[in-house]
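Structure, as structure tokens:
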Ligand code: SF4
């Protein structure tokens, strides 16, 4: 208001400024503010928390309630649900039949697994998998040589041929590392601060700031709107501390 000589800008002016002038430079401005806060000792960039929250989108909440919409979307929804169920089933099968069990022992030098009966499961191939989100991962496939007549077979796997397992070594490494960090002394202290550090920010924004619903649509609009809220939150905190 002071910048505009105390004239109240029209909402169209604000919207135009936000969409046309601010959007291309927003990330840079946001980064500069974080650097400023860090330099002045208001925030530490040594520890970063990742947390999630849900905010209602700008979409009409009654879209799927009206009969016309329900009928129109019914067929599409059924196809999507069927695809989702098939995927869940596939993932479940993967986790129960194709993953190493806790009884399997991995020999990293020889790059093979030893099954509960002492048989070596040698690597047969590596595969590149690309997830729905475009993430590439390397999966190694190991196979037992002969499961015929094994007394543990019914408990071990459901495959008609020899047992085969799939392992993502990089993912296992990250999981081990994350578990060690989370259960370390420092990890326990950091975790105990979650309600104060990240969760309190969402509480401030959503409950005290009454920010429960997005007004802009699309990924760019949502990023911009939430980014502005986060930026305002940071500046507000800084102003409270210096006043
Ligand atoms: S079924 Fe095959 S993989 Fe499983 S314990 Fe027996 S020999 Fe090993």
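In the numbering used here, the protein residues as written are 3 to 245. Ideal Cβ placement from N, Cα and C applies to all residues, glycine included. What you are looking at is a predicted structure, and each value in this text was computed from that prediction instead of being measured.
Can you grab the Cα-Cα spacing for the pair residue 8 / residue 40, in whole Å? C-alpha separation (whole angstroms): 32 Å.
Suppose you measure from the CA of residue 128 to the CA of residue 145; what does that come to, to the nearest Å? Distance between the alpha carbons of residue 128 and residue 145: 12 Å.
Could you tell me how far apart the beta carbons of residue 143 and residue 160 are, in whole angstroms, since I believe they sit closer than 8 Å? Actually they do not touch by this definition, with Cβ atoms about 17 Å apart.
Does the beta-carbon of residue 118, which I'm using as the reference point, lie nearer than 7 Å to any heavy atom of the ligand SF4? True, at least one ligand heavy atom lies under 7 Å from that Cβ.
With H, G and I counted as helix, E and B as strand and the rest as coil, what does DSSP make of residue 126? Strand, per DSSP.
Are there three or more Cβ pairs, one per stretch, closer than 8 Å when the segment 176 to 194 is compared with the segment 25 to 37? The segment 176 to 194 vs the segment 25 to 37: no contact.
Looking at the secondary structure, which residues open and close the alpha helix (DSSP H) in which residue 180 lies? 171 to 185 is the span of the alpha helix (DSSP H), which, as asked, contains residue 180.
Inter-stretch contact at 8 Å, needing at least 3 Cβ pairs: the segment 160 to 169 / the segment 106 to 126: Cβ pair count under 8 Å is three or more, so yes.
Relative to the alpha-carbon of residue 200, which residue among 241, 11, 50, 222 has its alpha-carbon at the smallest distance? Checking every option, the nearest Cα to that of residue 200 belongs to 50.
Report yes if the C-beta of residue 2 is less than 7 Å from at least one heavy atom of the ligand SF4; otherwise report no. Outside the displayed range of the chain (3 to 245) lies residue 2, so it cannot be described from this structure.
Could you name the residues of the same chain whose beta carbon sits closer than 8 Å to that of residue 57, not counting the 5 residues immediately before and after it, in chain order? For residue 57, where only same-chain residues beyond five positions count, the Cβ hits under 8 Å are 208, 213, 214, 215, 216, 228.
So, with DSSP's three-state summary, where would you put residue 196? Coil at residue 196, not helix or strand.
Counterpart residues of residue 191 in DSSP-defined beta bridges: Note: residue 191 sits in no beta bridge, so no partner.
Where residue 131 falls: helix, strand or coil (DSSP): Correct three-state label for residue 131: strand.
From residue 103 to residue 82, what does the alpha carbon distance come to, in whole angstroms? Their Cα atoms are separated by approximately 32 Å.
Pull up the DSSP beta-bridge partners for residue 145, would you. Residue 145 is bridged to 124, 166.
Where residue 3 falls, given that 16 or more other Cβ within 10 Å makes a residue buried: The residue in question, residue 3, is exposed, as its Cβ has fewer than 16 Cβ neighbours within 10 Å.
Which residues does DSSP list as the beta-bridge partners of residue 139? According to DSSP, residue 139 bridges with 131.
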